[in-house]
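Student:
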Amino acid sequence: LFGVTAQAAEAPAAPYVELANPVPVAEPGKIEVVELFWYGCPHCYAFEPVINPWVEKLPSDVNFVRIPAMFGGPWDAHGQLFLTLEAMGVEHKVHNAVFDAIQKQGKRLTKPEDMADFVATQGVDKDKFLATFNSFAIKGQIEAAKKLAVAYGVQGVPTMIVNGKYRFDVGSAGGAEQALQLADKLVDKERATNKAAAN
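Residues are numbered in my numbering as their position in the sequence shown, beginning at 1, plus a constant of 200.
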């Protein structure tokens, strides 16, 4: 009976969407896996302990990129926070603490001063954070992130994009583990396509 139900569940449609217009990847020559997320999203928070160990084991021909989804209001504030930490080279040290603060401790972290006070508790220079947060470079990155979300056709988070071609979310994939298995399959598919093209 289990086998029959499993087949029936697989029958409808592929758990991913192939984009009509593929989006160029950040590092040509590498297979790109993008995760679009929001610090205010409980599903993204639940995905973290599953995706992080997976990212650490990715082969050298795969480039993993996190992009904040910005749909206005707190989404934009948190996206700017992430991009600022990334530009300062401290995102890997502070990312989990920011998620915990918003998801567990109920901090809003939507005002630059509040963000600066918080990241200071994580060893980040407050003045440098604010200067970077308000910089022209970060404004450019915000525009780029918003354009990518539109190009990918993203409507919710967490959503993954493989090599600028395939889009799926954790729900459509059937869960967090299944999403990463699907990402692995699509990476393998792209690797095979690249090899065939090279030959």
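Here a beta-carbon is modelled for each residue, glycine too, at the ideal position from N, C-alpha and C.
Does the beta-carbon of Val350 have 16 or more other beta-carbons within 10 angstroms, so that it is buried, or is it exposed?
Tutor: By the neighbour-count rule (16 or more Cβ atoms within 10 Å), Val350 is not buried but exposed.
Student: Buried or exposed: Thr284, going by 16 or more other Cβ atoms within 10 Å of its Cβ?
Tutor: When all chains shown are included, Thr284 counts as buried.
Student: Just the Cα atoms here: how many angstroms apart are Gly323 and Glu390?
Tutor: Each residue's Cα considered, the two are about 40 Å apart.
Student: Hey, Asn363 and Pro222: beta-carbon distance below 9 Å or not?
Tutor: The answer is yes: Cβ separation under 9 Å.
Student: Look at Phe237 and Ile267 and say whether their C-beta atoms are less than 9 Å apart.
Tutor: Yes. Within cutoff.
Student: Could you spell out where the beta strand (DSSP E) holding Leu236 opens and where it closes?
Tutor: Element bounds for Leu236: Ile231 to Phe237.
Student: Straight-line CA distance for Asp369 to Phe329?
Tutor: Straight-line Cα distance between these residues: approximately 32 Å.
Student: Let's test the definition: count the other Cβ atoms within 10 Å of the Cβ of Lys311 and tell me whether it reaches 16, buried, or not, exposed.
Tutor: Under this definition Lys311 is an exposed residue.
Student: Can you find at least 3 beta carbon pairs, one from the stretch 299-319 and one from the stretch 264-278, that sit closer than 8 Å?
Tutor: Contact between the stretch 299-319 and the stretch 264-278 is present, because at least three Cβ pairs lie under 8 Å.
Student: According to DSSP, simplified to helix, strand and coil, what is Asp325?
Tutor: The answer is coil: DSSP assigns Asp325 none of H, G, I, E or B.
Student: Thinking C-alpha only, which one of Lys347, Leu309, Glu286 and Cys244 is nearest Pro224?
Tutor: The residue with the shortest Cα to Cα distance from Pro224 is Lys347.
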